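The structure appears right after this line, and notes come after that.
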Amino acid sequence: MEQVLKTSPFIRVTGTLLLPQTILRLKNLRQDQAESLFEENFAAFSGEDSHAQAGASDLNAYGLMCVASNMHNDSGNGAVVTARSLERIRIVSIAEDGKTCTWELAPEEQDLSEQSEKDMLDYIKRLVDEMAKSIQGGRHIARRAKEYTSINQMISFLCQYMSISNQEQYELLVMSSQRQRVTRFIDYLLRQKESISLNLEMNEKLSKEASEFYRRQALQRQLEALQSELKEESTVEEKSDYAARIQAAGINEENTKALMEDVKRLESLNPQSQDAEVLRSYLEFVLSLPWKKEDSFTPDLKEARALLDERHAGMEKVKERILQHLAVMKLRKSMKGSAILLVGPPGTGKTSLGKSIAAALHRPYTRLSLGGIRDESEIRGHRRTYVGAMSGRILKAMKSAGATNPVMILDEIDKMMAGGYSGDPAAAMLEVLDPEQNDTFTDHYLDLPYDLSDVMFIATANSLDTIPGPLLDRMEVIQLSSYTPSEKFVIAKDHLVPEVLKDHGIEAKDLTIEDEAIRTVIDSYTMEAGCRGLKKQLAKIARTKAVDLIETEDPVVVRADDLADILGPITVHHEKVKEANPCGVVTGLAWTAVGGEVLFIEAASMPGSGQMILTGQLGDVMKESARISYSVLKSRLPLDTMEFGKQDIHIHFPAGATPKDGPSAGITILTALASLALRKPVDSRIAMTGELSLCGDVLPIGGLKEKLFGAMRAGITKVLIPWDNQRDLAEVSEEVKEALNIVPVRTVEEVLKETLGVHLSTYELPTLAADGAAVIL
Numbered sequence: 001m002e003q004v005l006k007t008s009p010f011i012r013v014t015g016t017l018l019l020p021q022t023i024l025r026l027k028n029l030r031q032d033q034a035e036s037l038f039e040e041n042f043a044a045f046s047g048e049d050s051h052a053q054a055g056a057s058d059l060n061a062y063g064l065m066c067v068a069s070n071m072h073n074d075s076g077n078g079a080v081v082t083a084r085s086l087e088r089i090r091i092v093s094i095a096e097d098g099k100t101c102t103w104e105l106a107p108e109e110q111d112l113s114e115q116s117e118k119d120m121l122d123y124i125k126r127l128v129d130e131m132a133k134s135i136q137g138g139r140h141i142a143r144r145a146k147e148y149t150s151i152n153q154m155i156s157f158l159c160q161y162m163s164i165s166n167q168e169q170y171e172l173l174v175m176s177s178q179r180q181r182v183t184r185f186i187d188y189l190l191r192q193k194e195s196i197s198l199n200l201e202m203n204e205k206l207s208k209e210a211s212e213f214y215r216r217q218a219l220q221r222q223l224e225a226l227q228s229e230l231k232e233e234s235t236v237e238e239k240s241d242y243a244a245r246i247q248a249a250g251i252n253e254e255n256t257k258a259l260m261e262d263v264k265r266l267e268s269l270n271p272q273s274q275d276a277e278v279l280r281s282y283l284e285f286v287l288s289l290p291w292k293k294e295d296s297f298t299p300d301l302k303e304a305r306a307l308l309d310e311r312h313a314g315m316e317k318v319k320e321r322i323l324q325h326l327a328v329m330k331l332r333k334s335m336k337g338s339a340i341l342l343v344g345p346p347g348t349g350k351t352s353l354g355k356s357i358a359a360a361l362h363r364p365y366t367r368l369s370l371g372g373i374r375d376e377s378e379i380r381g382h383r384r385t386y387v388g389a390m391s392g393r394i395l396k397a398m399k400s401a402g403a404t405n406p407v408m409i410l411d412e413i414d415k416m417m418a419g420g421y422s423g424d425p426a427a428a429m430l431e432v433l434d435p436e437q438n439d440t441f442t443d444h445y446l447d448l449p450y451d452l453s454d455v456m457f458i459a460t461a462n463s464l465d466t467i468p469g470p471l472l473d474r475m476e477v478i479q480l481s482s483y484t485p486s487e488k489f490v491i492a493k494d495h496l497v498p499e500v501l502k503d504h505g506i507e508a509k510d511l512t513i514e515d516e517a518i519r520t521v522i523d524s525y526t527m528e529a530g531c532r533g534l535k536k537q538l539a540k541i542a543r544t545k546a547v548d549l550i551e552t553e554d555p556v557v558v559r560a561d562d563l564a565d566i567l568g569p570i571t572v573h574h575e576k577v578k579e580a581n582p583c584g585v586v587t588g589l590a591w592t593a594v595g596g597e598v599l600f601i602e603a604a605s606m607p608g609s610g611q612m613i614l615t616g617q618l619g620d621v622m623k624e625s626a627r628i629s630y631s632v633l634k635s636r637l638p639l640d641t642m643e644f645g646k647q648d649i650h651i652h653f654p655a656g657a658t659p660k661d662g663p664s665a666g667i668t669i670l671t672a673l674a675s676l677a678l679r680k681p682v683d684s685r686i687a688m689t690g691e692l693s694l695c696g697d698v699l700p701i702g703g704l705k706e707k708l709f710g711a712m713r714a715g716i717t718k719v720l721i722p723w724d725n726q727r728d729l730a731e732v733s734e735e736v737k738e739a740l741n742i743v744p745v746r747t748v749e750e751v752l753k754e755t756l757g758v759h760l761s762t763y764e765l766p767t768l769a770a771d772g773a774a775v776i777l
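Residue 125 in our numbering sits at position 125 of the sequence shown, with consecutive numbering throughout.
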C-alpha cells in the first residue's frame with residue numbers, strides 16, 4: 001500500500017519518552033514555535049540537542065505524530081506545551097526554513113495473534129505484580145497496569161517507570177514487528193526485576209550492618225559509661241597492683257622510679273586504648289625478668305670433675321681448663337667477667353660441655369643461637385616507638401632462665417653476619433661480654449640498665465677467623481680438638497649406644513652391638529671430628545634391628561660382619577703405607593677438619609730448562625713451600641754434580657680433586673726432591689711434617705695430635721716432627737706415643753740424615769745418565 005506523505009511542524013525533543021499513546025511535556029519553547037504546534041498535528045523526533053540548529057542529520061529517522069492539548073508560559077523559561085503522541089512516523093525531509101518536515105506513517109506489523117497478545121499481557125501484569133511488592137509506589141503502578149487491554153499501551157505506560165536508556169527506548173520505537181517489540185520489552189522488564197531484587201538484597205544487608213553498627217555503638221556507649229564509673233576504682237587497683245609487684249621484684253631504686261612513671265602514665269590512659277595495651281605489655285615483660293640477685297654458690301671442684309668425666313670422654317686438657325676457671329671463680333667468690341669461648345670442629349661436644357658446666361654450678365642453663373644474625377636489634381631489641389617492638393634475644397634468654405646467674409650458651413658466635421645498615425650484632429655483643437659494661441646492659445625495648453655481670457657466658461665457634469678481634473679479646477679461648485677413634489669408642493659405648501636404644505624404645509638386653517662392630521663403624525663408616533655421624537649410623541643400626549626384634553621377639557646381636565648388610569658398603573677408605581716407596585716418593589701428614597691423614601708426595605725429573613711443575617690443586621702457601629724446598633735443596637747440593645738448569649722437576653700431590661694448602665709439607669717436599677736427586681728411596685714407614693725456612697730451619701706446625709694418630713692408623717712407625725712441637729706431645733695419647741718413634745728435628749740436615757742417612761754438605765751425588773733419562777714414579 002502506497003504511503004501518503006504529509007507536511008507539518010516538527011519539534012526536536014531530548015530526555016523524553018517517545019512511544020505511542022504517551023503524554024509529552026515540551027519545555028523551553030519559543031512562543032511562536034509553541035503556537036505553531038496547535039495549528040495542526042505536529043511531528044516529534046528525538047535528537048542530540050533541543051537547542052541545536054535543525055537538520056536531517058541531527059534527528060533520528062523515526063518519531064511520533066502528536067497533537068497539542070495545552071500550553072502555558074513558564075516565567076523566564078519560555079512556553080510549555082502538553083501533547084499526546086499518536087502514531088509512529090518516519091521522517092522523509094525537512095523544509096529549508098527548518099520549521100516543517102515531510103513524513104509518512106510507519107505502522108507496525110501485527111504479527112501477534114489475539115491469544116498470544118493476551119498471554120503476553122497477562123505475563124507482563126504478573127511480573128509487575130511481583131515487582132510491585134519490592135518498590136515504593138509499586139501497588140499503584142500494578143493497579144494501573146491491570147486496566148490496560150492493549151499491549152502497546154501497556155509498554156508505553158510501564159516504560160515511564162523503568163530504568164531504560166534513550167537508545168533502548170528508541171529501539172522499541174523503531175521495531176516494526178509487534179512480537180519483537182514485546183519480546184524485547186519483556187527482556188527489559190526481567191532485567192529491571194533482577195535489578196530490584198539485587199538492590200533489595202543489598203539494602204537489607206546494609207540495613208542489617210547499619211543496625212548492627214548502631215547496636216554496637218549503643219553497647220559501646222553503655223560500656224564506656226560503666227567504665228567511666230568504674231575507671232577510678234579499677235585504675236587505682238591496677239596502679240596498686242603494678243606498684244606492689246615492682247617493689248617485690250627486687251628492682252633497684254633508679255629503675256623503680258622510671259617504672260612508676262610508666263604506671264602513673266598508664267593511669268591517665270583509656271584502659272581500652274592501644275597505648276594502654278602496649279604499656280601493659282611492657283610492664284608485664286619487665287616484671288617477668290629476673291631482678292633479684294641469687295645466693296652465691298661455691299663450685300665443688302670434685303663434683304664438677306666427676307660430672308665432666310662422667311659426661312665427656314677424653315678432652316682432658318679442656319676439662320682441666322674448665323676446672324681451672326671454676327677454681328678461680330671459687331677463690332674470687334664471684335662470677336663477674338666469666339666468658340669462655342669453646343672452639344672446635346662440629347660435633348666435638350661444645351654445647352654439651354656448657355650444659356655440664358651449668359649442672360656442675362647448679363645454675364639454670366639457657367641457650368642463644370647467634371648463627372645468621374645480621375641485625376643489631378636481634379641482640380638489643382627494638383625501641384618501643386616501633387609497632388610490634390620486642391626485646392632482644394639476650395633478655396629473652398634471661399626471662400627463659402628465670403635467674404640472674406644462668407649459664408648462657410652463645411652458640412655459633414663465629415657465624416654472626418657482618419654489620420650493615422641495620423647495625424653490627426658483633427658490636428652489640430661487646431657490651432654483653434665486657435665485664436666492665438655488662439652490669440648496665442641496656443636493651444632498646446627495656447630502656448633500663450640491666451645487670452648481666454652474674455651470667456656465665458660460654459660461646460661456641462668452629463673457627464676464630466670470622467670473630468672480630470675486640471670481641472675475641474673479651475673471652476677466654478679453649479680449643480677443642482677432634483676425638484680420636486679410641487675416644488669415640490668410649491663415647492659410643494658409654495653414651496651414644498644407650499641413648500640411641502632409648503630413643504628407639506629398645507631395651508639394652510634386646511639389642512647388643514659388639515665392640516668390634518662399633519670400632520668398624522668408627523673407622524669405616526664415619527669420617528668426622530665429632531660424633532654426630534657416628535650417632536646417625538648407630539641409629540640406623542637400631543632402626544634396622546627394630547624390625548627383627550618385632551618379628552622374632554628374640555635378642556639381637558650386631559657383629560662387624562653384619563654391618564655391610566645394615567649400613568651398606570664401606571664408605572671411608574684411609575690411606576695405608578706401601579711396602580716400599582720408589583725414589584722421589586715420601587709420606588707426609590695432613591690435618592683436616594675430620595682428623596689426620598697420610599699424604600704421599602711424588603717428585604719426578606725430566607729433561608728441560610729448570611722449571612718446576614706443581615699439580616694437585618695446591619694453594620698459594622703450599623706452592624711457596626715447594627719453591628722454598630727446591631731452593632734449599634739447590635743451595636745445599638754440589639752444583640757441579642747435578643745440572644738443575646737442564647732438568648724440569650714435577651711435584652705432584654695425589655687426590656687432585658681435594659684442595660690442599662699450608663706450609664707444613666715443607667720438609668716432606670724437600671725429602672722427596674732429595675730422594676729423587678740422590679736416587680735413594682725413603683722408607684715407606686717414615687712420615688714427616690714441618691714447615692721449612694729458606695735457611696733450612698724446621699718450623700712448628702699445627703694439628704700434631706691428629707697427624708700422629710693418622711700416621712699410626714696408616715701403619716707408620718717413625719715420624720719426624722719440628723723440635724718446637726715437642727710441647728704438643730702432652731696432648732697425644734700414650735697409645736699413639738707407644739706405637740710411633742717420634743723424632744724431633746731442628747734443621748734440614750737432621751731431616752735428611754733421619755730419612756736418607758746422608759748429609760747434604762758431604763754426600764757425593766751419583767753421576768747422572770748421559771742421556772738424562774727421566775725418573776718415572
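Glycine included, every Cβ here is placed at the ideal spot set by N, Cα and C.
In this text the structure is predicted, and so the values were computed from the model without any measurement.
Taking the Cβ atom as the reference point for each residue, do residue i and residue j lie within a distance shorter than 9 Å?
| i | j | result |
| --- | --- | --- |
| residue 339 | residue 456 | yes |
| residue 84 | residue 33 | no |
| residue 91 | residue 132 | no |
| residue 415 | residue 354 | no |
| residue 344 | residue 292 | no |
| residue 29 | residue 95 | no |
| residue 661 | residue 618 | yes |
| residue 13 | residue 47 | yes |
| residue 460 | residue 351 | yes |
| residue 333 | residue 298 | yes |
| residue 496 | residue 525 | no |
What is the DSSP secondary structure of residue i, counted as helix, strand or coil?
| i | result |
| --- | --- |
| residue 87 | strand |
| residue 640 | Low confidence applies here, because residue 640 scores a pLDDT of 46, under 50, leaving its location unreliable; read the following figure in that light. Coil, per DSSP. |
| residue 188 | helix |
| residue 13 | strand |
| residue 157 | helix |
| residue 375 | coil |
| residue 647 | strand |
| residue 717 | coil |
| residue 418 | coil |
Applying the criterion that 16 or more other CB atoms from any shown protein chain within 10 Å of the CB defines a buried residue, is residue i buried or exposed?
| i | result |
| --- | --- |
| residue 53 | Reliability fails at residue 53, whose pLDDT of 40 lies under 50, so the model's placement of it is uncertain and no value is given. |
| residue 107 | exposed |
| residue 741 | exposed |
| residue 604 | buried |
| residue 425 | buried |
| residue 520 | buried |
| residue 361 | buried |
| residue 405 | buried |
Comparing alpha-carbon positions, which option in the options lies nearest residue i?
| i | options | result |
| --- | --- | --- |
| residue 528 | 581, 593 and 81 | 593 |
| residue 63 | 18, 25, 31 and 681 | 18 |
| residue 35 | 24, 69 and 582 | 69 |
| residue 445 | 688, 306 and 388 | 388 |
| residue 154 | 127, 171 and 135 | 127 |
| residue 509 | 692, 553, 489 and 474 | 553 |
| residue 706 | 732, 647 and 471 | 732 |
I need the straight-line Cα distance from residue i to residue j, nearest angstrom please.
| i | j | result |
| --- | --- | --- |
| residue 447 | residue 319 | 39 Å |
| residue 139 | residue 114 | 27 Å |
| residue 440 | residue 595 | 43 Å |
| residue 284 | residue 246 | 10 Å |
| residue 681 | residue 675 | 6 Å |
| residue 685 | residue 464 | 35 Å |
| residue 268 | residue 277 | 13 Å |
| residue 504 | residue 514 | 18 Å |
| residue 156 | residue 206 | 34 Å |
| residue 67 | residue 215 | 58 Å |
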